[in-house]
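Residue 11 is where the sequence shown starts when you use my numbering, and the numbers rise one by one after that. Beta carbons are placed, not taken as given, at the ideal position from N, Cα and C, and that holds for glycine. One structure is given below, encoded as structure tokens.
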Amino acid sequence: MRKTRVFFSVITLLAIWVNILLTRKLNPFAARLKSATTTTVTTAAFPQRPDIYCGTSERQVDEIQIHVIGWRRLTPLASLLNQLEKANYDGWDIPVPLYIHLDGGAHPAVKELGENVSWAHGEKHIDIREDNVGLREMWLSSLGDAAKAAGDNTLMLMFEDDTSVSSIYFQWILAAIDSYGRNRRCRDSNLMGFSLSPIRVEELSPPPFIPWNSKDVVGSSFAYLSVVPSSWGVAYWSDRWNEFSDFVDVRLKPPYYNTEEERSLITKKYDDLRLTPEEYQIPYCRSNVWPKSWKRFMIDFMYARGLVMLYPSLPGEMGLATTLALAGEHVSADEGKNPRIADLATNYDYATMTVFLPEFIMDVPVVGLHLERTTRRELRRIGAKFLMGVQEKCDACDDLLRVWAPSGILNFDK
């Protein structure tokens, strides 16, 4: 009798496992994943929360835009535009507009390239600045203006001119959308966007630029979420960027930030710069002393709100895009081989990537500011604690905190 019970117990477990496999519609590629790295959750477990599952929802994204920033690098910009033109856009029936943003003083040959380059996937827009405003302002104004014009449900891809992109990058974007952002109802409100490039160094701890491999932390998962924003081939949702724009418009002004101190970089080291009062600084974070950086403000914003970005975690640390780490405003000419440069993935298709991605966003592994394993709930708790600390230390910064804090975190009725 005992053997009979054991036999039927085994049969029952096998039946449950087969049912899970059929429910998740796995194909042979999924055998490569190690289920121990994620918690398997079926749609039946969340009948009261249809907004967290995108798999069967209708895809309703207003637009996917491509933005490229250039200045005086003709050859890498031409290569990037050629890669974007030849990429695979199958599966997306809406035109994809291309916006080329050139900072003031751009090389004449770069201007000519921007004006004459062909773009077969939608309208092309050329934005040539009269004044040289620098990389930070090019990011903030280019995406800020685009997000305001686009509304709340557009995905904006941004590439700097020293970026190289895979021919399948757009398929990764579509796989990410269909998994976690088919429409605003199923898109998680804490999802800032999708990175095309992997994180390969830990850049926010002293000492910075320690090599990091996602597989050592998140295991075999095909993707992970991080509170660290991306800048090398990245897609931001327009509604989240609009919220960031409201924040950075205040955060970048006195008394919250000292742009005059950036001019001291000629005579001071980074650690000696006093760019922002201590009460607004992210704890133990190198970005507090990053001058002329737009990303430092995105770190402030995402850390305090507990927002996350989806990153690829492919074999061999490959990416769908990578920086070339050419000498420029934030990269010195004598750095040598930069560990942030990734090989490009080309041997995946949309179907494979969709299967590899965890079905629910709550199953995607999460890493924190210093790339330690954590949870989204813990990120939100840490961010709320930080904002409460800022409010306690500051008697006259409600204008900043109102655009920094998520709704309901802080009490302004004092």
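Nearest candidate by alpha-carbon position, reference residue 154, set 382, 216, 332 and 250: If you number the sequence shown from 1, residue 154 lands on position 144. Checked all of 382, 216, 332 and 250; the closest Cα to residue 154 is 250.
Enclosing alpha helix (DSSP H) for residue 331 [first to last residue]: Start at 1 with the first residue of the sequence shown, and residue 331 comes out as number 321. Note, residue 331: premise wrong, no alpha helix (DSSP H); beta strand (DSSP E) at 331 to 333.
Whole-angstrom distance between residue 210 and residue 178, CA atom to CA atom: Within the sequence shown, the letter at position 168 stands for residue 178. Within the sequence shown, the letter at position 200 stands for residue 210. Roughly 20 Å separates the two Cα atoms.
DSSP state of residue 291 mapped onto helix, strand, coil: Locating residue 291 in the sequence shown gives position 281, where the first residue counts as 1. The answer is coil: DSSP assigns residue 291 none of H, G, I, E or B.
Three-state secondary structure assigned by DSSP to residue 383: Against the sequence shown, residue 383 aligns to sequence position 373. It is a strand residue.
Range covered by the beta strand (DSSP E) that runs through residue 205: Numbered from 1 along the sequence shown, position 195 holds the residue referred to as residue 205. Note, residue 205: beta strand (DSSP E), 201 to 205.
Which listed residue (261, 70 and 158) has its alpha carbon closest to that of residue 413: Numbered from 1 along the sequence shown, position 403 holds the residue referred to as residue 413. Of the listed residues, the one whose Cα sits closest to residue 413 is 261.
Exposed unless 16 or more other CB atoms sit within 10 angstroms - verdict on residue 191: Looking up residue 191 in the sequence shown gives position 181. By the 10 Å Cβ count, residue 191 comes out buried.
Rounded separation between residue 281 and residue 304 - CA only: Your numbering for residue 281 matches position 271 in the sequence shown. Your numbering for residue 304 matches position 294 in the sequence shown. Cα-Cα distance, rounded: 18 Å.
C-beta atoms of residue 331 and residue 230 nearer than 9 Å: Sequence index remark: in the sequence shown, residue 331 carries index 321 (1-based). Sequence index remark: in the sequence shown, residue 230 carries index 220 (1-based). The answer is no: Cβ separation not under 9 Å.
Option nearest residue 125 by Cα separation, candidates 88, 104, 224 and 149: Here the question's residue 125 lines up with position 115 in the sequence shown. Ranking 88, 104, 224 and 149 by Cα distance to residue 125 puts 88 first.
Option nearest residue 285 by Cα separation, candidates 293, 265, 277 and 276: Here the question's residue 285 lines up with position 275 in the sequence shown. With distances taken between Cα atoms, residue 285 lies closest to 265.
Under 9 Å between C-beta atoms of residue 354 and residue 329: The count along the sequence shown starts at 1 and reaches residue 354 at position 344. The count along the sequence shown starts at 1 and reaches residue 329 at position 319. Yes, the pair counts as a contact, with Cβ atoms nearer than the cut-off.
Cβ pair residue 152, residue 79 closer than 9 Å: As a first step, residue 152 must be located in the sequence shown, where it is residue number 142. As a first step, residue 79 must be located in the sequence shown, where it is residue number 69. Contact: yes.
DSSP state of residue 118 mapped onto helix, strand, coil: In the sequence shown, the residue the question calls residue 118 occupies position 108. Here residue 118 sits in helix by DSSP.
Reference residue 410; option with closest CA among 376, 289, 298 and 188: Here the question's residue 410 lines up with position 400 in the sequence shown. For the residues 376, 289, 298 and 188, the minimum Cα distance to residue 410 belongs to 289.
Touching by the beta-carbon criterion (3+ pairs, under 8 Å), the region 238 to 257 and the region 302 to 316: yes
Cβ-based neighbour list, residue 308, same chain, cut-off 7 Å, excluding 5 preceding and 5 following: For the purposes of this step, residue 308 is taken as the residue at position 298 of the sequence shown. Closer than 7 Å at Cβ, skipping near neighbours: 239 and 254.
Straight-line gap, residue 235 to residue 137 (C-alpha atoms, nearest Å): The residue labelled residue 235 in the question sits at position 225 within the sequence shown. The residue labelled residue 137 in the question sits at position 127 within the sequence shown. The alpha-carbon atoms of residue 235 and residue 137 are separated by roughly 33 Å.
Given 8 Å, three or more beta-carbon pairs between the region 133 to 149 and the region 104 to 116: yes
Ordered list of alpha helix (DSSP H) runs contained in the region 61 to 94, each at least 4 residues: none
Local Cβ density within 10 Å of residue 298, reported as buried at 16 or more and exposed below that: Along the sequence shown, one-based indexing puts residue 298 at 288. Result: buried.
Where residue 371 sits in the DSSP three-state scheme: In the sequence shown, the residue the question calls residue 371 occupies position 361. If DSSP states are grouped into helix, strand and coil, residue 371 belongs with the helices.
Helix, strand or coil at residue 184 [DSSP, three-state]: Counted from its first residue, the sequence shown places residue 184 at position 174. The answer is helix: DSSP assigns residue 184 an H, G or I state.
Close Cβ partners of residue 141 (< 8 Å) along its chain, the five nearest in sequence each way excluded: Working through the sequence shown from its first residue, we reach residue 141 at position 131. The residues are 114.
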